[in-house]
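One structure below.
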Amino acid sequence: MTPGIAKFVFVMMAVGWYLIRYRYARRARREKVVRSVRGARENTLLLISLTGLGIVPFIYVATAIPHFASYDFQPAQAWLGVVVAIAALVMFRLTHRALGRNWSLSLDVRENHHLITIGIYRKIRHPMYSAFWLWAVAQALLLPNLVAGFAGLIGFGVLFFGRVAREEQMMLETFGNEYREYMARTGRIMPRLF
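Here the numbering used here runs 383 ahead of the position in the sequence shown, where the first position is 1.
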């Protein structure tokens, strides 16, 4: 493993993410949105996440900037990053597959929207967030730079903690007791152990 290969893996993780998401985004656009919380707050959270998971690390991959934050490359750390990147893409794919046309970039309820409790959603309420946490960890392991590597954890963390409670409230308002029961038997981003 070399620093160049680690950077390549990071770029391929982004390409994989795009290829998985593109197909489902096209399908989802055909479904009418009946309720949304899109607005300045949501757009700001998405931009912060994009900056941490995309813009900052890609600047580093292309230019090695910021130089001051770089540290010695550790091949074992990068190999672990490869494993976590694969796990992120697998989780991402499973999530999109289960959601189908119910997927949306923002917090939207679509026409004929139903609560997804199959596939990966059987055990985890927010596996998409799990996939992005895995992405952020893979980024930190693959990119030996304290700014670029950890930007994903910070950027996505802001989105996650600024959004997940609102999303669950929206689901409670939409699905009521069905969602309450679902919450009781599933973990938020990891399966419940007990």
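Ideal Cβ placement from N, Cα and C applies to all residues, glycine included. The model shown is predicted, which means the values in this text are computed figures rather than measured ones.
Name the two residues that bound the continuous alpha helix (DSSP H) containing residue i.
| i | result |
| --- | --- |
| S453 | No alpha helix (DSSP H) contains S453, which DSSP labels as neither H nor E. |
| I537 | 529-558 |
| M511 | 510-525 |
| T500 | From DSSP, T500 is part of no alpha helix (DSSP H); its letter is neither H nor E. |
| R424 | 423-433 |
| P440 | 439-446 |
Figure out for me which residue from the options has the closest Cα to the Cα of residue i.
| i | options | result |
| --- | --- | --- |
| I394 | I499, L529, E550, W518 | This sequence places Val at residue 394; Ile is not what is there. Nearest C-alpha to V394: W518. |
| V547 | R508, R563, L529, Y565 | R508 |
| G532 | A423, F451, E425, I499 | F451 |
| I388 | H496, P527, A423 | P527 |
| H364 | Y565, I448, A470, L529 | Lying outside 384 to 577, the shown extent of the chain, residue 364 is not represented and no answer is given. |
Near residue i, which residues of its chain fall below 8 Å by C-beta distance, leaving aside the five closest residues on each side in sequence?
| i | result |
| --- | --- |
| W462 | M384 |
| A534 | T434, G435, L436, V439, P440, Q522 |
| V541 | L428, I431, S432, G435 |
| D455 | P527 |
Give the C-beta separation of residue i and residue j to the nearest angstrom, bearing in mind that I take them to be a contact with Cβ-Cβ under 8 Å.
| i | j | result |
| --- | --- | --- |
| L536 | G464 | Not a contact, Cβ separation roughly 13 Å. |
| Y407 | H479 | 5 Å |
Excluding sequence positions up to five away, which residues of its chain have a Cβ less than 7 Å from the Cβ of residue i?
| i | result |
| --- | --- |
| A481 | I499, I501, G502, I503, Y504 |
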